[in-house]
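Whatever position you read off the sequence shown (first residue = 1), add 9 for our numbering. Beta carbons are placed, not taken as given, at the ideal position from N, Cα and C, and that holds for glycine. Note that the structure is predicted; figures quoted are calculated from it, not measured. Structure record follows, encoded as C-alpha coordinates.
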Amino acid sequence: MAGDNFTVVTEFILLGFSDLPKLQGILFGIFFVIYMSIILGNGLLIVITKIDSGLQTPMYFFLGNFSFLEICYTSVTIPRMLADLWTQKKTISFLACAVQTFFLYILGSAECLLLAVMAYDRYVAICKPLYYPLIMNHKLCVQLVVSSWLIGIPILFVETYQVFHLHFCGPNKLNHIFCDAPPLLELACGDTHKTEIFVAVPALLLILIPFLLILASYIKIITTILKLPSNSGRIKAFSTCFSHLTVVGLFYGSASIVYLQPKSSGESVKIFALVYTTVTPMFNPLIYSLRNKDVIAALRKLLPK
(Lines of atoms letter the chains of each structure in order from A and count residues from 1; the text may use other names and numbers.)
(Lines give C-alpha, C1' and ligand atoms only; values in the text may rest on other atoms or scores of the structure.)
Protein backbone atom coordinates (compact mmCIF):
# COMPACT_ATOMS: atom_id res chain seq x y z
CA MET A 1 0.00 0.00 0.00
CA ALA A 2 1.24 3.45 -0.86
CA GLY A 3 0.98 6.22 1.72
CA ASP A 4 2.90 7.69 4.61
CA ASN A 5 0.44 6.48 7.22
CA PHE A 6 0.61 2.78 6.26
CA THR A 7 3.22 0.07 6.44
CA VAL A 8 3.25 -3.06 4.36
CA VAL A 9 3.12 -6.27 6.39
CA THR A 10 5.71 -8.68 4.98
CA GLU A 11 5.69 -11.13 7.89
CA PHE A 12 3.56 -12.18 10.83
CA ILE A 13 4.44 -13.01 14.41
CA LEU A 14 2.86 -16.21 15.72
CA LEU A 15 2.37 -15.59 19.42
CA GLY A 16 1.66 -19.27 20.09
CA PHE A 17 2.69 -19.99 23.68
CA SER A 18 4.69 -16.80 24.20
CA ASP A 19 2.62 -16.10 27.33
CA LEU A 20 4.40 -19.09 28.92
CA PRO A 21 8.07 -18.04 28.59
CA LYS A 22 9.36 -20.36 31.32
CA LEU A 23 7.75 -23.43 29.74
CA GLN A 24 9.13 -23.12 26.21
CA GLY A 25 11.62 -25.96 26.67
CA ILE A 26 9.05 -28.26 28.29
CA LEU A 27 6.51 -27.49 25.55
CA PHE A 28 9.14 -28.26 22.90
CA GLY A 29 9.77 -31.65 24.50
CA ILE A 30 6.04 -32.43 24.78
CA PHE A 31 5.25 -31.54 21.16
CA PHE A 32 8.37 -33.32 19.89
CA VAL A 33 7.25 -36.53 21.62
CA ILE A 34 3.71 -36.05 20.30
CA TYR A 35 4.96 -35.54 16.72
CA MET A 36 7.20 -38.60 16.87
CA SER A 37 4.34 -40.69 18.26
CA ILE A 38 2.07 -39.47 15.45
CA ILE A 39 4.59 -40.43 12.78
CA LEU A 40 5.47 -43.80 14.34
CA GLY A 41 1.93 -44.77 15.30
CA ASN A 42 0.26 -43.79 12.05
CA GLY A 43 3.25 -45.06 10.06
CA LEU A 44 2.88 -48.43 11.73
CA LEU A 45 -0.81 -48.54 10.79
CA ILE A 46 0.11 -47.78 7.17
CA VAL A 47 2.68 -50.61 7.14
CA ILE A 48 0.43 -53.28 8.62
CA THR A 49 -2.51 -52.37 6.36
CA LYS A 50 -0.20 -52.82 3.37
CA ILE A 51 1.65 -56.02 4.26
CA ASP A 52 -0.80 -58.04 6.35
CA SER A 53 -3.01 -60.26 4.17
CA GLY A 54 -5.81 -60.21 6.75
CA LEU A 55 -6.14 -56.43 6.43
CA GLN A 56 -6.57 -56.25 2.65
CA THR A 57 -10.15 -54.95 2.88
CA PRO A 58 -11.72 -51.57 2.02
CA MET A 59 -11.99 -50.61 5.71
CA TYR A 60 -8.24 -50.95 6.26
CA PHE A 61 -7.46 -49.44 2.86
CA PHE A 62 -9.25 -46.30 4.04
CA LEU A 63 -7.59 -46.53 7.46
CA GLY A 64 -4.14 -46.65 5.86
CA ASN A 65 -4.92 -43.59 3.75
CA PHE A 66 -6.38 -41.81 6.76
CA SER A 67 -3.19 -42.49 8.75
CA PHE A 68 -1.08 -41.08 5.89
CA LEU A 69 -3.34 -38.02 5.83
CA GLU A 70 -2.85 -37.54 9.59
CA ILE A 71 0.94 -37.53 9.16
CA CYS A 72 0.70 -34.92 6.38
CA TYR A 73 -1.80 -32.83 8.34
CA THR A 74 0.34 -32.58 11.46
CA SER A 75 3.48 -31.95 9.40
CA VAL A 76 1.97 -28.67 8.21
CA THR A 77 1.82 -27.23 11.73
CA ILE A 78 3.90 -29.08 14.34
CA PRO A 79 7.41 -28.76 12.78
CA ARG A 80 6.91 -25.01 12.48
CA MET A 81 5.68 -24.89 16.08
CA LEU A 82 8.73 -26.86 17.23
CA ALA A 83 11.07 -24.51 15.37
CA ASP A 84 9.45 -21.48 17.01
CA LEU A 85 9.72 -23.04 20.48
CA TRP A 86 13.37 -24.01 19.92
CA THR A 87 14.65 -20.78 18.32
CA GLN A 88 12.23 -18.35 20.02
CA LYS A 89 11.88 -16.78 16.56
CA LYS A 90 8.13 -16.42 16.12
CA THR A 91 8.10 -14.72 12.72
CA ILE A 92 6.69 -16.30 9.56
CA SER A 93 6.84 -14.66 6.14
CA PHE A 94 3.68 -13.58 4.34
CA LEU A 95 4.16 -16.25 1.64
CA ALA A 96 4.96 -19.03 4.13
CA CYS A 97 1.84 -18.09 6.11
CA ALA A 98 -0.29 -18.32 2.95
CA VAL A 99 1.21 -21.69 2.00
CA GLN A 100 0.66 -23.08 5.51
CA THR A 101 -2.97 -21.91 5.51
CA PHE A 102 -3.64 -23.40 2.08
CA PHE A 103 -2.25 -26.85 2.91
CA LEU A 104 -3.90 -26.82 6.34
CA TYR A 105 -7.27 -26.28 4.66
CA ILE A 106 -6.68 -28.80 1.87
CA LEU A 107 -5.69 -31.55 4.29
CA GLY A 108 -8.43 -30.58 6.76
CA SER A 109 -11.12 -30.81 4.07
CA ALA A 110 -9.65 -34.13 2.88
CA GLU A 111 -9.93 -35.43 6.45
CA CYS A 112 -13.60 -34.38 6.68
CA LEU A 113 -14.40 -36.09 3.39
CA LEU A 114 -12.40 -39.23 4.14
CA LEU A 115 -14.19 -39.63 7.47
CA ALA A 116 -17.46 -39.49 5.52
CA VAL A 117 -16.15 -42.12 3.08
CA MET A 118 -15.21 -44.39 6.01
CA ALA A 119 -18.72 -43.97 7.43
CA TYR A 120 -20.19 -44.96 4.06
CA ASP A 121 -17.96 -48.04 4.01
CA ARG A 122 -19.31 -49.11 7.42
CA TYR A 123 -22.87 -48.44 6.22
CA VAL A 124 -22.46 -50.75 3.22
CA ALA A 125 -20.69 -53.43 5.32
CA ILE A 126 -23.43 -53.55 7.97
CA CYS A 127 -26.58 -52.61 6.07
CA LYS A 128 -25.81 -54.32 2.74
CA PRO A 129 -23.35 -57.13 3.62
CA LEU A 130 -24.23 -59.35 0.63
CA TYR A 131 -23.46 -56.55 -1.83
CA TYR A 132 -20.40 -55.23 0.04
CA PRO A 133 -17.74 -56.87 -2.20
CA LEU A 134 -19.51 -55.64 -5.32
CA ILE A 135 -20.15 -52.09 -4.15
CA MET A 136 -16.86 -51.44 -2.34
CA ASN A 137 -14.60 -52.74 -5.08
CA HIS A 138 -10.99 -51.56 -5.33
CA LYS A 139 -11.69 -49.12 -8.17
CA LEU A 140 -14.41 -47.33 -6.20
CA CYS A 141 -12.24 -47.22 -3.07
CA VAL A 142 -9.41 -45.53 -4.99
CA GLN A 143 -11.82 -43.08 -6.59
CA LEU A 144 -13.30 -42.16 -3.21
CA VAL A 145 -9.86 -41.56 -1.68
CA VAL A 146 -8.62 -39.48 -4.64
CA SER A 147 -11.83 -37.45 -4.62
CA SER A 148 -11.42 -36.78 -0.89
CA TRP A 149 -7.96 -35.34 -1.53
CA LEU A 150 -8.80 -33.27 -4.61
CA ILE A 151 -12.38 -32.04 -4.31
CA GLY A 152 -11.61 -29.13 -2.00
CA ILE A 153 -8.50 -27.80 -3.78
CA PRO A 154 -10.13 -25.27 -6.18
CA ILE A 155 -12.53 -23.95 -3.52
CA LEU A 156 -9.87 -23.59 -0.85
CA PHE A 157 -7.32 -22.08 -3.23
CA VAL A 158 -9.77 -19.26 -3.97
CA GLU A 159 -10.58 -18.94 -0.25
CA THR A 160 -6.89 -18.65 0.69
CA TYR A 161 -6.35 -16.12 -2.09
CA GLN A 162 -9.24 -14.01 -0.79
CA VAL A 163 -7.81 -13.96 2.74
CA PHE A 164 -4.27 -13.03 1.70
CA HIS A 165 -5.49 -10.55 -0.90
CA LEU A 166 -6.70 -8.36 1.95
CA HIS A 167 -4.66 -5.35 3.02
CA PHE A 168 -2.51 -5.94 6.11
CA CYS A 169 -1.16 -2.55 7.09
CA GLY A 170 -1.09 -2.49 10.87
CA PRO A 171 -0.49 -5.04 13.64
CA ASN A 172 1.10 -8.30 12.53
CA LYS A 173 0.82 -10.39 15.71
CA LEU A 174 -1.32 -13.53 15.25
CA ASN A 175 -2.66 -14.82 18.56
CA HIS A 176 -2.56 -18.41 17.33
CA ILE A 177 -0.24 -21.42 17.01
CA PHE A 178 -0.35 -21.45 13.18
CA CYS A 179 -1.63 -19.29 10.33
CA ASP A 180 -5.40 -19.47 10.02
CA ALA A 181 -8.18 -17.33 8.56
CA PRO A 182 -10.00 -16.20 11.77
CA PRO A 183 -6.97 -14.53 13.44
CA LEU A 184 -5.76 -13.18 10.07
CA LEU A 185 -9.09 -11.48 9.40
CA GLU A 186 -8.78 -9.69 12.74
CA LEU A 187 -5.53 -8.07 11.55
CA ALA A 188 -6.76 -7.01 8.10
CA CYS A 189 -7.36 -3.34 7.37
CA GLY A 190 -10.71 -2.09 6.10
CA ASP A 191 -14.02 -3.90 5.84
CA THR A 192 -13.58 -7.69 5.93
CA HIS A 193 -17.27 -8.61 6.14
CA LYS A 194 -17.50 -10.05 2.62
CA THR A 195 -14.30 -12.04 3.07
CA GLU A 196 -15.54 -13.42 6.39
CA ILE A 197 -18.67 -14.69 4.65
CA PHE A 198 -16.60 -16.09 1.79
CA VAL A 199 -14.42 -17.94 4.30
CA ALA A 200 -17.29 -19.13 6.49
CA VAL A 201 -19.43 -20.62 3.68
CA PRO A 202 -16.83 -23.14 2.34
CA ALA A 203 -15.87 -24.02 5.93
CA LEU A 204 -19.53 -24.61 6.74
CA LEU A 205 -20.03 -26.76 3.63
CA LEU A 206 -16.85 -28.81 4.05
CA ILE A 207 -17.59 -29.47 7.73
CA LEU A 208 -21.37 -29.74 7.68
CA ILE A 209 -22.02 -31.79 4.51
CA PRO A 210 -19.60 -34.64 5.38
CA PHE A 211 -20.91 -34.56 8.97
CA LEU A 212 -24.51 -34.91 7.75
CA LEU A 213 -23.45 -37.82 5.51
CA ILE A 214 -21.76 -39.47 8.52
CA LEU A 215 -24.86 -38.84 10.64
CA ALA A 216 -27.16 -40.32 7.99
CA SER A 217 -24.90 -43.38 7.62
CA TYR A 218 -24.88 -44.05 11.35
CA ILE A 219 -28.64 -43.59 11.70
CA LYS A 220 -29.02 -46.38 9.13
CA ILE A 221 -26.29 -48.44 10.81
CA ILE A 222 -27.82 -48.16 14.30
CA THR A 223 -31.27 -48.99 12.94
CA THR A 224 -29.87 -52.12 11.30
CA ILE A 225 -27.85 -53.13 14.38
CA LEU A 226 -30.92 -52.89 16.63
CA LYS A 227 -32.74 -55.34 14.35
CA LEU A 228 -30.05 -58.03 14.75
CA PRO A 229 -31.37 -61.08 16.65
CA SER A 230 -28.47 -61.64 19.05
CA ASN A 231 -26.70 -59.38 21.53
CA SER A 232 -23.29 -60.70 20.44
CA GLY A 233 -24.09 -59.73 16.86
CA ARG A 234 -25.07 -56.21 17.91
CA ILE A 235 -21.91 -55.78 20.01
CA LYS A 236 -19.67 -57.04 17.18
CA ALA A 237 -21.35 -54.78 14.61
CA PHE A 238 -21.13 -51.72 16.83
CA SER A 239 -17.50 -52.40 17.81
CA THR A 240 -16.47 -52.02 14.15
CA CYS A 241 -17.91 -48.49 14.22
CA PHE A 242 -16.82 -47.34 17.68
CA SER A 243 -13.28 -46.32 16.68
CA HIS A 244 -14.49 -44.29 13.73
CA LEU A 245 -17.16 -42.56 15.82
CA THR A 246 -14.55 -41.60 18.44
CA VAL A 247 -12.28 -39.97 15.83
CA VAL A 248 -15.26 -38.21 14.24
CA GLY A 249 -16.32 -36.81 17.61
CA LEU A 250 -12.86 -35.47 18.47
CA PHE A 251 -12.17 -33.97 15.04
CA TYR A 252 -15.56 -32.49 14.21
CA GLY A 253 -16.27 -31.30 17.74
CA SER A 254 -13.09 -29.23 18.04
CA ALA A 255 -13.02 -28.02 14.40
CA SER A 256 -16.64 -26.86 14.58
CA ILE A 257 -15.93 -24.74 17.67
CA VAL A 258 -13.01 -23.02 15.90
CA TYR A 259 -14.54 -22.41 12.47
CA LEU A 260 -18.27 -22.17 13.14
CA GLN A 261 -17.80 -19.89 16.15
CA PRO A 262 -15.00 -17.58 14.94
CA LYS A 263 -15.62 -15.06 17.73
CA SER A 264 -14.32 -17.46 20.38
CA SER A 265 -11.48 -16.19 22.59
CA GLY A 266 -7.92 -16.59 21.36
CA GLU A 267 -6.90 -18.98 24.12
CA SER A 268 -9.88 -21.31 23.63
CA VAL A 269 -9.27 -21.34 19.86
CA LYS A 270 -5.67 -22.43 20.48
CA ILE A 271 -6.79 -25.28 22.72
CA PHE A 272 -9.43 -26.61 20.33
CA ALA A 273 -7.06 -26.14 17.36
CA LEU A 274 -4.57 -28.38 19.17
CA VAL A 275 -7.26 -31.04 19.54
CA TYR A 276 -7.99 -31.45 15.83
CA THR A 277 -4.45 -30.82 14.59
CA THR A 278 -2.50 -32.74 17.26
CA VAL A 279 -4.53 -34.77 19.74
CA THR A 280 -6.75 -36.57 17.21
CA PRO A 281 -3.81 -37.66 14.97
CA MET A 282 -1.90 -38.79 18.08
CA PHE A 283 -4.74 -40.96 19.39
CA ASN A 284 -5.80 -42.26 15.97
CA PRO A 285 -3.49 -45.35 16.07
CA LEU A 286 -4.52 -46.14 19.67
CA ILE A 287 -8.23 -45.72 18.96
CA TYR A 288 -8.08 -48.04 15.95
CA SER A 289 -5.84 -50.66 17.52
CA LEU A 290 -6.96 -51.07 21.14
CA ARG A 291 -10.48 -52.20 20.21
CA ASN A 292 -9.59 -53.95 16.96
CA LYS A 293 -8.61 -57.63 17.17
CA ASP A 294 -7.46 -57.74 13.53
CA VAL A 295 -5.05 -54.83 14.02
CA ILE A 296 -3.73 -56.29 17.29
CA ALA A 297 -3.15 -59.65 15.58
CA ALA A 298 -1.30 -57.93 12.72
CA LEU A 299 0.86 -55.99 15.21
CA ARG A 300 1.78 -59.20 17.02
CA LYS A 301 2.96 -60.70 13.76
CA LEU A 302 5.00 -57.62 12.86
CA LEU A 303 6.50 -56.66 16.22
CA PRO A 304 8.65 -58.80 18.53
CA LYS A 305 6.92 -59.97 21.73
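Counting the other CB atoms within 10 Å of its CB gives Leu29 a total below 16, which places it among the exposed residues. Within the same chain, Gln109, Phe112, Leu113, Leu116 come within 7 Å of Val85 by CB-CB distance, once the 5 residues on both sides are set aside. Non-local beta-carbon contacts of Ala125 in its own chain, meaning distances under 6 Å to residues more than five positions away in sequence, involve Pro219, Leu222, Ile223 in chain order. The C-alpha of Thr233 is placed about 47 Å away from the C-alpha of Gly38. For Ile218, the enclosing alpha helix (DSSP H) has its first and last residue at 202–235. Annotation for Pro211: Ile164, Glu168 place their beta carbon closer than 6 Å to its own, counting only its chain and skipping 5 residues before and after.
Cβ-Cβ separation between Ile216 and Val256: approximately 15 Å, too far for a contact (criterion under 8 Å).
The distance from the Cβ of Leu23 to that of Ile101 is about 6 Å, consistent with a contact at the 8 Å cut-off. For Thr169, there is no enclosing beta strand (DSSP E); the residue is part of the alpha helix (DSSP H) that begins and ends at 162–173.
Residues Ser76, Ile80 of the same chain have their beta carbon placed closer than 8 Å to that of Gly52, with the five preceding and five following residues left out of the count. Apart from the 5 residues on each side of it in sequence, Leu214 has no Cβ closer than 7 Å to any other Cβ in its chain. Per DSSP, Leu259 has no beta-bridge partner at all.
Minimum Cα-Cα distance from Tyr170 among the listed residues Val208, Phe260, Ala225 corresponds to Val208. Under the three-state reduction of DSSP, Lys182 is assigned to strand. For the pair Phe281 and Ser263, the CB atoms are nearer than the 8 Å cut-off.
For Phe292, the secondary structure class from DSSP, reduced to helix, strand or coil, is helix. Annotation for Ser102: no alpha helix (DSSP H) segment contains it, though the beta strand (DSSP E) segment containing it runs 100–102.
The C-alpha of Ile135 is placed about 13 Å away from the C-alpha of Pro67.
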